[in-house]
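>
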Amino acid sequence: MDRPKTRPLPRPLDIAVVGAGVAGLGCAWWLARRHRVTLYEKERRPGGHSCTLEVEGADGRPIAVDIGFIVFNEPNYPLLTRLFRTLAIATMPTDMSFAVSLDDGAFEYGGGDWGALFAQKRNLVRPGFWRMCIDILRFFRKGRAAADDPTLDGLTLGEWLRRERFGPAFVHRHILPMAAAIWSAPLAEIAGYPARSFLTFFRNHGLLQLEGRPQWRTVAGGSRRYVEALVADGGFRLRTGGVAAVLRDSDGVTVIGSDGSRARHDIVVLATHADTSLRLLADADRDELSLLSSFRYTSNTVVLHGDPALMPKRRRVWSSWNYVGRSRDPATRRVAVTYWMNRLQHLPAHTPLFATVNPWREPDPRLVHAVRTFDHPVFDFAALAAQKRLPQLQGRRRT
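At position 22 of the sequence shown (counting the first as 1) the number is 21 in numbering that gives the first Met the number 0, and the numbers step up by one without a gap.
Quick look at the structure:
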């Protein structure tokens with residue numbers, strides 16, 4: 000990703016970028032070669048969901064482990080891939096196997112291979128399990144066709160699954176748990192996602208086929224590597240401590256810090272979640288209010304720990320992503336997923352490391368390394384409609 004080679008402007012602009020996640024960091028890095036850029040971040044560290052923590056290993060050496068952004072693939076993330084190559088960020092292939100374990104292992108399977116699929120021998124004689132497997136293959140076939148079917152517009156995933164008569168085992172023990180793990184959302188939210196966009200995502204990521212899936216990759220040394228590189232090579236001023244409000248007028252933009260400070264800029268880039276952007280805009284107009292209020296978020300707690308009790312009961316089932324919970328839990332309960340970080344990031348086996356999103360039981364406190372909270376967007380019909388309208392706001396009112 001080369002630096003922009005556009006025609007020089009009459010004068011460099013003074014630009015405020017609010018939010019130092021990957022969007023804000025990338026934007027500030029891109030703009031700083033031609034303009035004066037100040038990047039504002041409320042946290043003490045830049046990076047947002049790119050959050051790398053250090054844990055002391057059993058051998059006394061530090062281990063870098065990610066608990067936010069962990070994986071990507073090149074076909075679906077071409078700009079991120081180009082950015083990594085430009086910054087000379089080393090990445091490595093990773094495994095993206097998935098498992099489901101319910102009711103303390105009373106029902107569980109893994110999708111990595113035949114051994115994981117039938118690690119629980121009872122699965123061999125469960126008619127419902129075989130119907131689930133048949134439905135998985137049927138979902139692949141029907142999903143590929145339905146992703147291009149405009150008659151699905153307006154239909155939720157749950158409605159489409161019922162219309163196509165997918166069985167309850169497939170719905171509640173496979174597809175909804177898998178999607179909930181991907182989007183960090185409750186099962187009920189996933190069932191309400193737009194069917195066509197859901198199926199398009201699955202098709203694009205190779206999740207509607209057994210062979211030819213894209214190779215997933217992870218950043219060697221943790222996602223902090225690209226954050227550090229962007230800051231070091233950025234040429235922008237990084238200011239932490241938060242922004243309380245953004246005021247705009249015909250001559251420029253005033254950024255009011257959480258400490259009461261005021262800074263004047265020519266334009267502002269809001270690289271924050273939509274609800275945060277709306278909260279910062281002290282003078283939001285009707286269009287901004289309507290569009291930015293269309294996005295919802297779910298708050299999820301991530302615990303980094305070494306307690307295998309939050310993994311599937313049978314070691315043979317253990318996968319990179321593990322949906323582990325109770326079948327009697329309401330569909331509105333927050334998703335519970337454990338990431339096996341040793342497998343995902345090729346970490347030394349002598350120090351077991353797991354990142355559990357919304358633990359359904361408390362891990363052994365002696366094995367807890369860190370706790371963090373992240374907000375994730377809900378991709379419902381309102382959000383997708385707002386995404387299409389977002390270009391209408393770009394560049395208006397110096398924003």
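Glycine included, every Cβ here is placed at the ideal spot set by N, Cα and C.
Output yes or no for whether 8 Å exceeds the beta carbon distance between VAL316 and GLY109.
Contact: yes.
> Which runs of the alpha helix (DSSP H) spanning at least 4 residues fall entirely within the segment 132-183, listed in chain order?
Qualifying alpha helix (DSSP H) stretches, in chain order: 156-162, 175-182.
> Report all residues from its chain with a CB closer than 6 Å to the CB of ILE220; omit the five preceding and five following residues, and keep chain order.
Correcting the residue identity first, residue 220 is Gly in this sequence and not Ile. Result list for GLY220: ALA63, in chain order.
> Can you name, in chain order, every residue of its own chain whose Cβ lies under 6 Å from the Cβ of CYS50, other than the five neighbours on each side?
Correct list, in chain order: ILE66, GLY67.
> My output table needs one value for ILE189: the three-state DSSP class, helix, strand or coil.
Helix.
> Does chain D have any CB closer than 8 Å to the CB of TRP359?
Any reference to chain D falls outside this structure, which holds one protein chain only.
> What does the alpha-carbon distance come out to for the pair LEU123 and GLY157?
The straight-line gap from Cα to Cα measures roughly 28 Å.
> Helix, strand or coil, according to DSSP, for VAL124 in the structure here?
VAL124: helix per DSSP, three-state reduction.
> So what does DSSP say about ALA31, is it helix, strand or coil?
Looking at ALA31 - three-state DSSP - the assignment turns out to be coil, as it is neither helix nor strand.
> Check the C-beta distance from LEU86 over to ALA228 and give it rounded, since I have them as a contact under 8 Å.
Correct: roughly 4 Å between the Cβ atoms.
> My understanding is that PHE97 touches PHE138, with C-beta atoms under 8 Å, so please give their C-beta distance in whole angstroms.
Not a contact, Cβ separation roughly 14 Å.
> Use the C-beta contact count for PRO311: other C-beta atoms within 10 angstroms, 16 or more gives buried, fewer gives exposed.
Flag for PRO311 reads buried.
> Look at the alpha carbon of ALA382 and the alpha carbon of HIS349, and state the distance between them as a whole number of angstroms.
Between ALA382 and HIS349, the C-alpha separation is close to 43 Å.
> Going by C-alpha distance, which of SER319, HIS171, GLN119 is nearest VAL70?
If we check each option's Cα against that of VAL70, SER319 comes out closest.
> Excluding five sequence neighbours on each side, which residues of the same chain lie with their C-beta closer than 6 Å to the C-beta of THR239?
Once the five neighbours on either side are set aside, the close Cβ partners of THR239 are GLU40, ARG43.
> Any idea if ILE189 is buried or exposed, counting beta-carbon neighbours within 10 angstroms, 16 or more meaning buried?
It is buried - the Cβ of ILE189 has at least 16 other Cβ atoms within 10 Å.
> Which of the three DSSP states is assigned to MET91 in this structure?
DSSP places MET91 in strand when its eight states are reduced to three.
> Thinking C-alpha only, which one of LEU309, THR155, ASP274, LEU343 is nearest SER293?
Measuring from the Cα of SER293, the nearest candidate turns out to be ASP274.
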